[in-house]
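Asker: In the numbering used here, the protein residues as written are 21 to 315.
For each residue, glycine too, the CB sits at the ideal point set by N, CA and C.
None of these values were measured; they are calculated from a predicted model.
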């Protein structure tokens, strides 16, 4: 694989799932006990995205990507994409903290090719009418920090207009819900890079802690984690073991719910309680969702 190819681990297209064939034969329909809470969270994520493209980082929120892909399949807006990389790499513990080696030049170029494939080149970002929003589950925000550094360095190298692009980026973190108090630890207040963006560019949506842990730590994913050492090698074929087939059935069920009238109306209700309802793009999206969907 050449360094300028954007190749990611295979994942089935679940909106038009012709390629599944008989893969799910004999697999029971999954229970989705977290669905209502998750749909409400997804609606808030969309409302806080600024109305532009949503880019799901890593694998943790693949189910949200599936839900919204189904919901927006016949609506056409907003666009949802995946940037399924992990920045995990071997580190060194020294003086009370972990340090990680910087990306190699080959890894950096491959990551840029992946960003380019979703329309996130510096010149593309500068021309956007609405923000591009990166979305991920967040604890301390290290992955968002890595994404920001990757994008920011590319902008510097290209000498693209940072004063323009800084207004075209958003980071929407899905956090584990906890009781709020003046002493609550908030990740974005401890990440220095967030000060380089407008205050409206870094937002959070809370999720029930059990659901948050399920998606972030326990859910079986449809492909392996995609670390920097893997970015420049050929990707593996998809797994077809029993756990993967169960996970695939769950993902198909989420897409189906997103395409349904019930699912789209539930998303619309969640969006309707958000301050962004004052903006035309969100009111238009809610109208489309309420008018569409399979019975």
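Ends of the alpha helix (DSSP H) at residue 65?
Answerer: From DSSP, the alpha helix (DSSP H) with residue 65 extends over 55-67.
Asker: Where DSSP assigns a beta bridge to residue 223, which residues make up the other side?
Answerer: In the DSSP output, where bridge partners are listed per residue, residue 223 has 192.
Asker: Does DSSP put residue 30 in a helix, in a strand, or in coil?
Answerer: Looking at residue 30 - three-state DSSP - the assignment turns out to be coil, as it is neither helix nor strand.
Asker: Tell me the start and end of each unbroken alpha helix (DSSP H) in the region 88-157 that is at least 4 residues and wholly inside, in chain order.
Answerer: 125-137 and 142-146, all fully within the region 88-157.
Asker: Do you know how far the Cα of residue 300 is from the Cα of residue 285?
Answerer: Approximately 18 Å between the Cα atoms of the pair.
Asker: Determine the burial state of residue 22: buried for a count of at least 16 other Cβ atoms within 10 Å of its Cβ, exposed for fewer.
Answerer: In this prediction, residue 22 scores a pLDDT of 43, lower than 50, which makes its location untrustworthy; no coordinate-derived value is stated.
Asker: I need the DSSP call for residue 268, collapsed to helix, strand or coil.
Answerer: Of the three classes helix, strand and coil, the one that applies to residue 268 here is helix, per DSSP.
Asker: Figure out for me which residue from 97, 103 and 208 has the closest Cα to the Cα of residue 195.
Answerer: Minimum Cα distance to residue 195 is reached at 208.
Asker: Quick test of your reading: residue 197 and residue 69, contact by CB under 8 Å. State the CB separation rounded to the nearest angstrom.
Answerer: About 20 Å; that fails the 8 Å criterion.
Asker: Determine the extent of the alpha helix (DSSP H) in which residue 217 is found, giving its start and end residues.
Answerer: That residue, residue 217, is in no alpha helix (DSSP H); it is neither H nor E in DSSP.
Asker: If the criterion is Cβ atoms closer than 9 Å, does the pair residue 268 and residue 242 meet it?
Answerer: Yes.
Asker: Quick check on DSSP: helix, strand or coil for residue 275?
Answerer: Helix.
Asker: Compute the Euclidean distance between the alpha carbons of residue 108 and residue 128, then round it to the nearest angstrom.
Answerer: Taking the straight line from one Cα to the other gives about 14 Å.
Asker: What's the gap between the Cα of residue 249 and the Cα of residue 201?
Answerer: Taking the straight line from one Cα to the other gives about 41 Å.
Asker: Could you give the DSSP three-state label for residue 81: helix, strand or coil?
Answerer: Note: residue 81 maps to coil in three-state DSSP.
Asker: Based on the DSSP output, what are the partners of residue 47 in its beta bridges?
Answerer: The partner list for residue 47 (beta bridge, DSSP) is empty, contrary to what the question assumes.
Asker: Say whether the region 89-100 touches the region 278-294, bearing in mind that this needs 3 or more beta-carbon pairs closer than 8 Å, one atom from each stretch.
Answerer: Yes, they touch.
Asker: Bridge partners for residue 325 per DSSP, in chain order?
Answerer: Look at the range of the chain in this structure, 21 to 315, and you will see that residue 325 is not part of it.
Asker: In three-state DSSP terms, what is residue 240?
Answerer: Note: residue 240 maps to coil in three-state DSSP.
Asker: Name the two residues that bound the continuous alpha helix (DSSP H) containing residue 177.
Answerer: Where residue 177 is concerned, the enclosing alpha helix (DSSP H) stretches over 162-178.
Asker: Quick check on the burial criterion: 16 or more other C-beta atoms within 10 angstroms. Buried or exposed for residue 39?
Answerer: Burial call: exposed.
Asker: If contacts are defined as beta-carbon pairs under 8 Å, then residue 103 and residue 76 qualify, I think. What distance do you get, rounded to the angstrom?
Answerer: About 7 Å separates the two Cβ atoms, so the contact holds.
Asker: Check the C-beta distance from residue 187 over to residue 218 and give it rounded, since I have them as a contact under 8 Å.
Answerer: Rounded, the Cβ-Cβ distance is 6 Å, consistent with contact.
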